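A.B. asks:
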Amino acid sequence: MSQWCILGCGAVGSLMAGLLWQSAQPVSLLRSDGPRMARDDLHLQRLDGSTLTFNPPRLGQDDAGEIQRLLVTTKAYQVQPALEPLIGKLPVTTPIILLHNGMGTQIWVERAFPENPLFIAITSNGARRLERGVLHTGNGETWLGAANEAARANSALAHQLAADLALALPHAALSHEIHFRQWEKLVINAIINPLTALSGERNGSLLARGEEIADLCAELHPLLQREGFGQSEEYWVERVLLVASRTAENYSSMQQDVANGRPTEIDYLSGYLLRQARAEGIALPLQQALYQAIKAKE
Ligand code: KPL
Numbered sequence: 026m027s028q029w030c031i032l033g034c035g036a037v038g039s040l041m042a043g044l045l046w047q048s049a050q051p052v053s054l055l056r057s058d059g060p061r062m063a064r065d066d067l068h069l070q071r072l073d074g075s076t077l078t079f080n081p082p083r084l085g086q087d088d089a090g091e092i093q094r095l096l097v098t099t100k101a102y103q104v105q106p107a108l109e110p111l112i113g114k115l116p117v118t119t120p121i122i123l124l125h126n127g128m129g130t131q132i133w134v135e136r137a138f139p140e141n142p143l144f145i146a147i148t149s150n151g152a153r154r155l156e157r158g159v160l161h162t163g164n165g166e167t168w169l170g171a172a173n174e175a176a177r178a179n180s181a182l183a184h185q186l187a188a189d190l191a192l193a194l195p196h197a198a199l200s201h202e203i204h205f206r207q208w209e210k211l212v213i214n215a216i217i218n219p220l221t222a223l224s225g226e227r228n229g230s231l232l233a234r235g236e237e238i239a240d241l242c243a244e245l246h247p248l249l250q251r252e253g254f255g256q257s258e259e260y261w262v263e264r265v266l267l268v269a270s271r272t273a274e275n276y277s278s279m280q281q282d283v284a285n286g287r288p289t290e291i292d293y294l295s296g297y298l299l300r301q302a303r304a305e306g307i308a309l310p311l312q313q314a315l316y317q318a319i320k321a322k323e
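So, in structure tokens, the structure goes:
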């Protein structure tokens with residue numbers, strides 16, 4: 026079985042590492058401080074309250090030639106600096122799987138690694154980083170889809186990656202509409218994340234702010250149509266409210282970033298939407314206001 030190498034050990038990366046380890050799949054962590062770093066045990070606190078202790082091998086950039094599958098779980102703004110040292114070192118047959126909130130990293134990765142099969146993964150599993158590990162806060166779906174020609178041409182690889190993810194995760198499958206799923210998650214995150222980051226409240230607080238969410242979706246609708254998505258405004262409002270209710274107890278990742286004084290992914294959420302809208306000659310004043318308000322907090 027090929028080894029998963031995880032780049033980015035925040036909440037989602039640690040959750041993936043723990044769940045893959047639990048399903049007896051080989052997994053390693055790629056760290057900029059590499060094998061020299063202390064190899065402490067990590068802990069995955071499962072949904073049922075039990076704890077898995079795991080200790081995957083740590084790799085450094087010099088080990089790039091050995092990486093068989095690279096799962097990139099950094100924040101969107103870390104993708105480029107984290108992958109840059111691997112250019113020319115990562116075997117060209119190694120699939121790269123990008124798993125982060127937002128959009129806007131793909132073009133750079135395609136150019137930097139033109140021959141590697143590139144996949145996009147999307148997950149709605151909830152996780153919160155703990156000092157020495159991660160808390161799994163909610164089950165969700167994970168989707169994997171081919172994002173470049175090398176990935177599309179290798180359907181056996183796509184099926185194998187999805188099957189292996191399905192061994193580890195509550196619901197994981199291959200998606201042939203990954204671009205739509207990316208946009209759907211983009212819309213959800215571009216509404217829930219800044220609103221909760223600004224209010225400091227849990228996702229569930231948005232259930233009482235349906236009108237504001239409807240206004241934000243109405244504003245995005247012409248852009249979504251221009252992107253080829255024929256869903257009604259109501260569809261988008263329902264999706265946002267559904268995720269807010271399913272993750273009602275969670276603090277969004279942006280709320281946690283702002284509360285902890287970390288940079289946010291706003292440039293890959295509202296920022297990405299604003300760039301796409303500008304190219305289409307569409308104004309998004311409500312998204313613009315959210316973007317500016319988060320930038321002022323950062
Ligand atoms: O993806 C999320 C995030 O916080 O980044 C949601 C779905 C909003 C869950 O909190």
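Just so you know, the numbering used here puts 300 at position 275 of the sequence shown, and the rest follows in order with no gaps. All residues carry an ideal CB built from backbone N, CA and C; glycine is no exception. Please read all numbers here as calculations on a predicted model, not as lab measurements.
1. Just confirm the distance between the C-beta atoms of Gln313 and Leu299, as a whole number of angstroms; I'd bet it's less than 8 Å.
2. Check whether the Cβ atoms of Asp66 and Thr78 sit closer than 8 Å, and answer yes or no.
3. Determine the DSSP secondary structure at Thr78, reduced to helix, strand or coil.
4. Cα-Cα, which of Ala197, Phe144, Ser149 and Leu160 is closest to Ala18?
5. Evaluate Glu290 with the Cβ neighbour count: other Cβ atoms within 10 Å of its Cβ, from every protein chain shown; 16 or more gives buried, anything less gives exposed.
6. Would Ser278 and Asn218 qualify as a contact pair, given that the criterion is a beta-carbon distance under 8 Å?
7. Please go through the same chain and pick out, in chain order, the residues whose beta-carbon is closer than 6 Å to the beta-carbon of Gly129, but skip the five residues on each side of it.
8. I want to see whether chain D comes within less than 8 Å of Gln207, judged by CB atoms only; does it?
9. In the structure shown, what three-state DSSP assignment does His201 receive?
10. Is any non-hydrogen atom of the ligand GDP found closer than 7 Å to the C-beta of Gln86, if you look at the structure I gave you?
11. Any idea what DSSP makes of Cys30, helix, strand or coil?
12. Just to confirm before moving on: does the CB-CB distance between Ser53 and Ala193 stay below 8 Å?
13. Rounded to the nearest angstrom, what separates Thr119 and Val97 at their Cα positions?
14. What residues match up with His68 in a beta bridge as DSSP calls it?
15. Going straight from the alpha carbon of Pro51 to that of Ser257, what length do you get?
16. Any idea if Glu140 is buried or exposed, counting beta-carbon neighbours within 10 angstroms, 16 or more meaning buried?
17. May I have a chain-ordered list of the beta strand (DSSP E) segments no shorter than 3 residues that lie completely inside the region 105-172?
C.D. replies: The answer reads as follows:
1. Against the sequence shown, residue 313 aligns to sequence position 288. Against the sequence shown, residue 299 aligns to sequence position 274. Indeed they touch by this definition, with Cβ atoms about 6 Å apart.
2. Here residue 66 refers to the residue found at position 41 when the sequence shown is read from its first residue. Here residue 78 refers to the residue found at position 53 when the sequence shown is read from its first residue. Closer than 8 Å, so yes.
3. Along the sequence shown, one-based indexing puts residue 78 at 53. Strand, per DSSP.
4. No answer is possible for residue 18: it lies beyond the span of the chain, which begins at 26 and ends at 323.
5. For the purposes of this step, residue 290 is taken as the residue at position 265 of the sequence shown. By the 10 Å Cβ count, Glu290 comes out buried.
6. Sequence index remark: in the sequence shown, residue 278 carries index 253 (1-based). Sequence index remark: in the sequence shown, residue 218 carries index 193 (1-based). For Ser278 and Asn218, yes; Cβs fall inside 8 Å.
7. Within the sequence shown, residue 129 is the residue found at index 104, counting from 1. Excluding sequence neighbours, Gly129 sits near Tyr293 and Tyr297.
8. Here chain D cannot be found, since the structure has a single protein chain.
9. Taking the first residue of the sequence shown as 1, we reach residue 201 at position 176. It is coil, neither helix nor strand.
10. No copy of the ligand GDP appears in this structure; the ligands present are the ligand KPL.
11. Locating residue 30 in the sequence shown gives position 5, counting from the first residue. Correct three-state label for Cys30: strand.
12. Taking the sequence shown and counting its residues from 1, the one referred to as residue 53 is at position 28. Taking the sequence shown and counting its residues from 1, the one referred to as residue 193 is at position 168. Not closer than 8 Å, so no.
13. Mapped onto the sequence shown, residue 119 falls at position 94. Mapped onto the sequence shown, residue 97 falls at position 72. If you take the alpha carbons of Thr119 and Val97, they lie about 12 Å apart.
14. In the sequence shown, counting from the first residue as 1, residue 68 sits at position 43. Answer is Thr78 and Gly158.
15. Numbered from 1 along the sequence shown, position 26 holds the residue referred to as residue 51. Numbered from 1 along the sequence shown, position 232 holds the residue referred to as residue 257. If I take the Cα positions, the gap works out to 43 Å.
16. The count along the sequence shown starts at 1 and reaches residue 140 at position 115. Glu140 comes out exposed.
17. 121-123, 143-148, 151-155, 158-163 and 166-171
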